[in-house]
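These notes concern the structure reproduced below.
Protein chains in written order, with this note's numbering: chain R, 20 to 332; chain A, 5 to 369.
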C-alpha cells in the first residue's frame with residue numbers, strides 16, 4: 020500500500036472532513052433547533068433575555084396554536100365549571116378559556132390541498148408534455164422547449180401585478196383553484212425539463228416491444244414508460260411540492276381568508292400582549308413536518324434527481 | 005405459421021431512400037436471413053414487416069393478407085430486439101407472459117403456456133428473478149420466451165446475437181436454429197455477419213444501399229454471386245477479382261486474360277470492355293505447370309489449410325490450399341483455376357454476366 024491515494028482518504032482526512040461536516044450541520048440546523056425549542060417554551064421564556072437554553076417545557080404554544088381563546092373576568096371564573104382536560108387547565112392558568120378551534124387547521128389544510136394539488140397537476144401535465152417532446156416529431160420543438168424554459172428566467176413574483184389583476188378579473192383571487200393553477204404554471208417548466216431528461220433515457224425499444232406484444236401506444240406509455248420514469252417523477256414531485264409548499268409572496272398577495280395557506284398565516288398568530296412566539300414556532304414546526312417526511316421517504320430519488328445527467332451510464 | 009411476401013417495398017426519409025423497391029418472398033417455416041453491411045436498409049425492411057415503420061410505398065402480405073397499413077399489434081408477429089428490450093421493471097415470468105396479458109388470456113392458460121415455454125428454453129429456475137441481473141444468454145432466452153409464448157405467425161429477429169460474447173454466440177446460434185426446427189416457425193433474421201447468415205439461414209437476401217443484390221439459398225449465393233458486392237461480402241477471404249479488358253460472346257468457353265487463355269463456364273451473354281474474372285480462393289490451385297504465373301507474398305497458416313497471398317499481373321489475389329503444402333515467400337509459382345467455378349462480371353455495372361453457372365439464379369435478384 021502506498022501512503023498516497025487519491026481515492027481512499029487517510030484517517031486524518033476523515034477526521035477533518037467529519038468535523039467540517041458536523042460544524043456545517045450544526046450551523047444550518049441551529050435555527051431549526053431554536054424554532055422547535057421555542058415551540059415548547061412558555062411565552063415568558065420565549066422572549067427572556069439572555070435567551071434561555073434550559074427551560075421547563077410547556078405545550079402552551081401548541082395549545083394556543085390550535086385554539087382560539089378569550090379572557091375571563093373574575094366573576095366568570097367563579098361561574099364557569101372547573102377545567103375538564105389538561106389543555107383546559109393550561110389555558111385556565113392564564114385566566115383564559117377556550118372558545119373554539121383556531122384557523123390554523125383550516126390554513127394548514129389549504130396548504131395541503133394547494134401544495135399537493137398543484138404538484139399533481141404539474142407532474143401529470145409535465146409527464147405528458149415531456150413524453151411528447153421526447154418521442155414525437157413536434158414542429159419547432161427546440162423553440163417550444165426554450166420558450167417553456169424562458170418562463171423561469173425571471174423570478175415569478177416579477178409578474179405579480181399582472182397576475183393580481185388577471186386573478187381579480189377572472190374571480191380567481193383568494194380561491195384554492197387559483198393558487199393551484201398559479202403554482203402549476205410556475206412549476207410546469209421545471210417539470211417538463213426534468214422529466215424530459217428522464218424519459219429520454221428510457222430506450223424507445225421498450226415501447227416498440229410493447230407495441231409488438233399487442234399493446235396500444237397509450238398502453239405502452241403507461242404500462243412500460245411510466246414505471247420506468249418513476250424515479251424521475253418522484254424527484255420532480257418533490258421539487259414541485261417544496262416550491263408550492265413554501266411559497267410566501269404570492270400567497271400573501273392573492274389570498275386572505277378562504278384560500279390562505281399556512282406560510283402567510285403563521286407569522287400573524289397574535290396572542291394577548293404581542294406576538295405569541297411559542298405558537299408561531301409551534302406552527303412552523305408542524306408546517307415543516309410533511310415536507311420533511313415526504314423528502315425523507317423519497318430521498319433516494321431526490322438524490323438521483325439532483326445529480327441527474329451529471330454522470331452518463 | 006405464415007408465408008410473408010414483400011412486394012415493391014420502399015421507404016424514404018425525406019430525400020434519403022433507405023429501402024428501394026424491394027420484393028422477395030419468405031416461405032412458410034423458412035429461416036430467412038436479411039444480410040448486409042450496416043446502413044443497407046435491412047433493419048428498416050424488417051421494421052416495416054413488423055409494423056414499427058410505415059412503408060412509403062409497396063405492400064406487405066402475411067399469409068395472403070395485406071398488412072401494410074396495420075399497426076404492429078394487429079399483425080401477430082413477434083420481434084426479438086438486438087438489446088432484447090426486456091421490461092426492466094418486471095421479472096422474468098412477467099416479461100414472458102406480457103404479450104398474453106394483452107390478449108386477456110385466462111390465468112390458468114397463461115401458467116400452462118409459461119411452463120411450456122420455460123421448459124423449452126430451460127429457464128424454469130430463473131422465472132422469479134428480475135431481468136436486471138441476468139447474463140446475456142439468459143436475457144436472450146427470456147426475449148425468445150416472450151416471442152414464442154404466444155405462437156405468432158412469424159418471428160423477426162434484429163441481430164439477436166449481436167449483444168452476446170463471441171464464445172456464447174455460437175451456442176446461441178445453434179439453440180436458435182434448433183428452436184426454429186422444432187417449432188417450424190417462419191423466421192426473418194437480420195444480421196451483418198455473413199458467417200451467421202450462411203450457418204443458420206435457409207435462404208439469404210443480400211442488401212446494399214437499400215437495394216436487394218441477391219436472394220437465394222446460401223450455397224447459391226456463395227457459388228453463384230449475382231454482383232461483385234455479393235461476391236466480395238460473402239466468404240472470408242472474399243472472392244478474388246482479376247480485372248482485364250476483353251470481350252465475351254455467347255457460347256464462349258474461355259476468355260483471354262492478358263496473354264493466357266482461361267477456361268470459363270459457357271457464356272450466355274455478350275459484353276465487351278472492362279471485365280472482371282471472379283474466383284474464390286479455394287478454386288485456385290498451385291501447380292508448377294500452370295501457365296499463369298504469380299509471386300508468393302505471404303502465407304497464413306490456419307490449421308486445416310493455409311491462405312496464400314499472391315502477386316499477379318492483374319493484382320493481388322488469395323488462394324486457399326492444403327496446409328501440408330510448403331510454400332516459400334518470394335517463390336514464383338504457377339496457378340490453375342477451377343474453371344467450373346469462375347464468374348465473369350461487367351466492370352462498369354458490377355453485375356455478373358449470364359453463363360451456364362449462374363443461369364436461372366440472376367433473375368431472382
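Even for Gly, the Cβ is constructed at its ideal location relative to N, Cα and C.
_Alpha-carbon to alpha-carbon, residue 91 of chain A and residue 168 of chain R_ = 32 Å
*How would you label residue 19 of chain A, buried or exposed, when you count the other beta carbons within 10 angstroms and need 16 or more for buried?*
exposed
*residue 248 of chain R CB to nearest chain A CB: under 8 Å?*
no
*Do you know whose CA, among A:74, A:353, A:307, A:284, lies nearest residue 340 of chain A's CA?*
A:284
*Count the CB pairs spanning the stretch 172-186 of chain R and the stretch 209-221 of chain R that are closer than 8 Å, and state whether there are at least three.*
no
_Contact belief for residue 303 of chain R with residue 285 of chain R at Cβ below 8 Å, rounded distance in angstroms_ = 6 Å
*Is residue 79 of chain A helix, strand or coil by DSSP?*
coil
*Using a Cβ-Cβ cut-off of 8 Å, state whether residue 161 of chain R counts as contacting chain A.*
no
*Would you list, in chain order, the members of the stretch 231-256 of chain R that have their beta-carbon closer than 9 Å to a beta-carbon of chain A?*
231, 232, 233, 234, 235, 236, 238, 242, 243, 246, 247, 249
*Using the beta-carbon count (16 or more within 10 Å), is residue 165 of chain A buried or exposed?*
buried
*Output yes or no for whether 8 Å exceeds the beta carbon distance between residue 298 of chain R and residue 129 of chain R.*
no
*Could you say which of A:31, A:15, A:16, A:357 lies nearest to residue 191 of chain A if we only look at CA atoms?*
A:31
*Name the chain A residues whose beta carbon is nearer than 7 Å to that of residue 225 of chain R?*
89, 91
*Leaving aside the five residues before and after residue 29 of chain A along the sequence, list all residues of the same chain whose C-beta is less than 8 Å from its C-beta, in chain order.*
7, 8, 9, 10
*Could you confirm whether any beta carbon from chain A is found closer than 8 Å to the beta carbon of residue 228 of chain R?*
yes
_Against residue 56 of chain A, what residues of chain D qualify as contacts under a CB-to-CB distance less than 9 Å, listed in chain order?_
Here the protein chains are R and A, and chain D is not one of them.
*Can you grab the Cα-Cα spacing for the pair residue 268 of chain R / residue 181 of chain R, in whole Å?*
14 Å
*asked:* Short of 8 Å in beta carbon distance, which residues of its chain neighbour residue 64 of chain A, apart from the five on each side in sequence? Order them along the chain.
replied: 8, 9, 10, 11, 13, 52, 53, 70, 71, 72
*Have a look at the DSSP bridge pairing and note the partners of residue 264 of chain A.*
A:261
*Exposed or buried, which one is residue 283 of chain R when buried takes at least 16 other CB atoms within 10 Å?*
buried
*asked:* On the criterion of 16 or more Cβ atoms from any shown chain inside 10 Å, does residue 96 of chain A qualify as buried, or is it exposed?
replied: buried
*Which of the three DSSP states, helix, strand or coil, is assigned to residue 182 of chain A?*
helix
_Short of 6 Å in beta carbon distance, which residues of its chain neighbour residue 235 of chain A, apart from the five on each side in sequence? Order them along the chain._
229, 243, 282
*What beta strand (DSSP E) runs, 3 residues minimum, are completely inside the stretch 132-217 of chain A?*
158-162, 190-195, 207-212
_Quick check on residue 2 of chain A: does DSSP put it in helix, strand or coil?_
What is shown of chain A runs 5 to 369, which leaves residue 2 of chain A out entirely.
*Note down the Cα distance separating residue 117 of chain R from residue 271 of chain R, rounded to an integer number of angstroms.*
28 Å
_So, for residue 60 of chain R: in the same chain, excluding its five sequence neighbours on each side, which residues have a beta-carbon less than 6 Å away from its beta-carbon?_
74, 297
*Run down chain R in chain order and give the residues with a C-beta less than 8 Å from the C-beta of residue 159 of chain A.*
Here the premise fails: no neighbours, minimum Cβ distance about 11 Å.
*What are the residues that DSSP puts in a beta bridge with residue 92 of chain R?*
Paired residue(s): none; residue 92 of chain R is not in a bridge.
*Quick one: does residue 17 of chain A have its CB under 8 Å from some CB of chain R?*
no
*asked:* Using a Cβ distance threshold of 8 Å, determine whether the stretch 252-259 of chain A contacts the stretch 211-227 of chain A, with at least three qualifying pairs required.
replied: no
*Measure the CB-CB distance between residue 247 of chain R and residue 93 of chain A and report whether it falls below 8 Å.*
yes
*Could you pull the start and end residues of the alpha helix (DSSP H) that residue 338 of chain A belongs to?*
Not the alpha helix (DSSP H): residue 338 of chain A falls in the beta strand (DSSP E), residues 336-341.
*May I ask which residues mark the beginning and end of the beta strand (DSSP E) holding residue 17 of chain A?*
8-17
*asked:* What does the alpha-carbon distance come out to for the pair residue 61 of chain A and residue 15 of chain A?
replied: 7 Å
*Is any beta-carbon of chain R found at less than 8 Å from that of residue 298 of chain A?*
no
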